[in-house]
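Participant:
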Amino acid sequence: MRRGAIVQLTLLSLVIGGIVTVVAVVPVWLPPTASQQADRIDFVFWYVTAICIVIYAIVIATLLFSAWKFRAAPDDDSDGPPIHGHTGLEIAWTAIPFALVTSMAIISAIVLSRNDATGKDPLRVNVTGQQFAWTFQYPQQHGLTTHVLYLPIDRPTRFSLKALDVIHSFWVPEFGQKQDAVPGITTNLTVTPNRLGTYPIICTELCGLGHATMRSTVIVMKQADFDKWAKTGAKAAGGGGGAAAGKTVFEANGCSACHTLKAAGATGKVGPDLDKLASYAQQAGKPLEQFVTESIVKPDAYIQPGFPAHVMPGNFGSLPKAQLNSLVQYLVTSAKGSK
Ligand code: CUA
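Okay, so the sequence shown: first residue is 0 according to numbering that gives the first Met the number 0, each after it adds one.
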C-alpha cells in the first residue's frame, strides 16, 4: 500500500513536471540572445526555472494526491488523526532548499562579476539619455556622435550612461541587461555582442510624454565594417554644411522621436508638426528663420497652442554652430517646400 502510494505520487509528479516543462520550453518566451552577457543570464534563468519546475511538480502532485486519497467522506465530522511530524522529512525540506538557493546565489554572483568584466581594451561609448532620445558618443573615434548605435562584434563595449533631465533606462532586449541613466551620476554597463544584426534600443523607464517613442537601433557589425564606418562617420561629422547636413543633424539628435517632418520621414506626435513651421511662425509673429532658431535654442520662448511647455530639451543651443545652422536651414527649406 505504502509502496503503491509512493509510485502513484512519483508518476503524478512526472506528469505535472512534463506538462510544466512543455509550457516553459515550447513557446519562445525570451528574445534570441545577441551578447555573451545575455547567454550567461539565460543560463541562470534556465537553471532557476528547472529547479522551480521540479519543486512545483512535487508540491502540486502532493496536493492533488492528498485531496484525492485522504478526502473525508461528506458525513465525516470527526477530527483527523493526530500527527507528530517527521524529523527526516523536515530535515530534507530544509536542507535541500537551502542548498538550491545557495547554489543560485553563487552562480548569480559569478555571472554578475563576469558580465561586468571589460577585458583589457574595451570600446568606449558615452550614452546620453534625454527626453526623448538617445545620443551615443565614441571618445576613441574622435568623439563621433550618433543617434543610432554601431558596435563591433566580439569586442567588449563599456557604456558610460548619463541623463540630462530625468531617469531613463537603456535596454536592448537581445543584450539581456538594463541600465538606468540617472541625472547627476554616471552608470556603467558592459556588453560583448556576439551575433551580427540590428536590434532595438528601448527606454524602459517611464520618463515623460514621449517615453514610448524613446527608441533607437543598435547595429552589430564586423570589426572591419565598424572601423570603416567610424572613419567615414568622423569625416562627415567634422565638415559639411547646408540643408543636406541638416537632415543628418535632425536624425542624429533624435528630433524625429517627438516631431513630424515629412522630408525626414519623421512621425513624432509629442511636439509641434515641423511641416507647419511657416504658419506657426506667422502665429508667433516672427520671421521664419529667426523663429526656428529661437525655438531650438530657447524652446520655451514661444509655445505653440495645443502643445505642452517645458518638454523640448533646452540644451540644443549647445550644438556646434555649423550643425545648428545646418539644422535651421534644413527646417526652413522644408517648411517653405511644404507650404
Ligand atoms: Cu526615456 Cu523613457
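Ideal Cβ positions, reconstructed from N, Cα and C, are used throughout, including at glycine.
Model, not experiment: these values are computed from the prediction.
#1: At a cut-off of 7 Å, is G128 close to the ligand CUA when judged by its beta-carbon and the heavy atoms of the ligand?
#2: Quick one: residues in its chain with C-beta nearer than 8 Å to the C-beta of P121, no 5 flanking neighbours on either side, listed in chain order?
#3: To the nearest angstrom, report how far apart A60 and L13 are at their CA atoms.
#4: By the DSSP assignment, the beta strand (DSSP E) with P151 in it spans what residues?
#5: Measure the beta-carbon distance from H167 to G128 and round it to whole angstroms, keeping in mind my assumption that it falls under 8 Å.
#6: Tell me whether M213 counts as near the ligand CUA, meaning its Cβ is closer than 7 Å to at least one heavy atom of that ligand.
#7: In chain order, which continuous runs of the beta strand (DSSP E) of length 3 or greater are located wholly inside the region 22–76?
#8: Quick check: what's the CA-CA separation for I57 versus F64?
#9: For D272, which residues from the same chain have a beta carbon less than 6 Å from its beta carbon, with the 5 sequence-adjacent residues on both sides left out?
#10: What are the boundary residues of the alpha helix (DSSP H) that S325 is part of?
#11: Starting from A300 and walking both ways along the alpha helix (DSSP H), at which residues does that stretch end?
#12: What is the DSSP secondary structure of C254, counted as helix, strand or coil?
#13: Under the criterion of a Cβ to heavy atom distance below 7 Å, does F131 qualify as lining the ligand CUA?
#14: Note the first and the last residue of the continuous beta strand (DSSP E) segment covering S317.
#15: Here's the rule I'm using: 16 or more other beta-carbon atoms within 10 Å means buried, otherwise exposed. How should P182 be labelled?
#16: On the DSSP letters alone, give me the boundaries of the beta strand (DSSP E) that I200 sits inside.
#17: With a Cβ-Cβ cutoff of 8 Å, do L148 and S102 count as a contact?
#18: Tell whether a beta-carbon distance below 8 Å holds between E173 and P30.
#19: Tell me which residue opens and which closes the alpha helix (DSSP H) that R113 is part of.
#20: If you run the structure through DSSP and keep just helix, strand and coil, what is H83?
#21: Report the rounded CA-to-CA distance for G267 versus S255, giving the unit in angstroms.
#22: Just the Cα atoms here: how many angstroms apart are V27 and F42?
#23: Looking at the structure shown, is G17 part of a helix, part of a strand, or coil, going by DSSP?
#24: For R314 versus A132, is the C-beta distance shorter than 8 Å?
#25: Evaluate V130 with the Cβ neighbour count: other Cβ atoms within 10 Å of its Cβ, from every protein chain shown; 16 or more gives buried, anything less gives exposed.
#26: Confirm, please, whether the CB-CB distance from A33 to N193 is below 8 Å.
#27: According to DSSP, simplified to helix, strand and coil, what is Q130?
#28: For a test of your reading of the model: does the CB of C202 fall under 7 Å from any non-hydrogen atom of the ligand CUA? Yes or no.
#29: What is the rounded straight-line gap between the Cα of A265 and the Cα of F44?
#30: Short check: CB of Y137 to CB of V171, under 8 Å?
#31: Verify the contact flag: H210, CB atom, against every heavy atom of the ligand CUA, threshold strictly below 7 Å.
#32: Give the range of the beta strand (DSSP E) segment to which Q178 is assigned.
#33: Could you tell me the alpha carbon to alpha carbon distance between V6 and I18, rounded to whole angstroms?
#34: For the alpha helix (DSSP H) that L276 lies in, which residues bound it at each end?
Facilitator: With the structure as the only source:
#1: Within the chosen limit of 7 Å, the ligand CUA reaches the beta carbon of G128 through at least one heavy atom.
#2: Excluding the 5 residues flanking it on each side, P121 has same chain C-beta neighbours closer than 8 Å at R154, P155, T156, R157, T189, in chain order.
#3: Cα-Cα distance, rounded: 9 Å.
#4: It spans 148–151 - the beta strand (DSSP E) in which P151 sits, taken as one unbroken run.
#5: That belief holds up - the Cβ atoms of H167 and G128 are roughly 3 Å apart, short of 8 Å.
#6: Yes, the beta carbon of M213 sits closer than 7 Å to at least one heavy atom of the ligand CUA.
#7: Listed in chain order, nothing qualifies, since the region 22–76 has no complete beta strand (DSSP E) run of 3 or more residues.
#8: CA-CA distance, I57 to F64, rounds to 10 Å.
#9: Contacts found: T259.
#10: According to the DSSP assignment, S325 belongs to the alpha helix (DSSP H) that extends over 320–336.
#11: Annotation for A300: no alpha helix (DSSP H) segment contains it, and DSSP assigns it neither H nor E.
#12: If DSSP states are grouped into helix, strand and coil, C254 belongs with the helices.
#13: Flag set: Cβ of F131 near the ligand CUA.
#14: S317: not part of any beta strand (DSSP E); DSSP gives it neither H nor E.
#15: If you draw a 10 Å sphere on the C-beta of P182, you find fewer than 16 other C-beta atoms in it, and that means exposed.
#16: That run of the beta strand (DSSP E) goes 196–202.
#17: The answer is no: Cβ separation not under 8 Å.
#18: Yes; because the gap between Cβ atoms is below 8 Å, this pair is in contact.
#19: It spans 86–115 - the alpha helix (DSSP H) in which R113 sits, taken as one unbroken run.
#20: H83 falls in the coil class under three-state DSSP.
#21: Distance between the alpha carbons of G267 and S255: 6 Å.
#22: In a straight line, the C-alpha of V27 is about 15 Å away from that of F42.
#23: Helix at G17.
#24: Here residue 314 turns out to be Asn, not Arg, going by the sequence shown. With contacts defined as CB atoms closer than 8 Å, N314 and A132 fail to qualify as a contacting pair.
#25: Reading off the sequence, residue 130 comes out as Gln, not Val. Of the residues assessed, Q130 falls on the buried side of the cut-off, its CB having 16 or more other CB atoms within 10 angstroms.
#26: One thing to note: N193 has its Cβ within 8 Å of the Cβ of A33.
#27: Note: Q130 maps to coil in three-state DSSP.
#28: At a threshold of 7 Å, C202 counts as near the ligand CUA, since its beta carbon sits closer than that to one of the ligand's heavy atoms.
#29: Rounded to whole angstroms, A265 to F44 spans 38 Å at the Cα level.
#30: Cβ distance not < 8 Å, so Y137 and V171 don't count as in contact.
#31: Indeed, a heavy atom of the ligand CUA lies less than 7 Å from the Cβ.
#32: Element bounds for Q178: 177–180.
#33: One C-alpha to the other measures close to 19 Å.
#34: Counting along the chain, the alpha helix (DSSP H) containing L276 begins and ends at 276–283.
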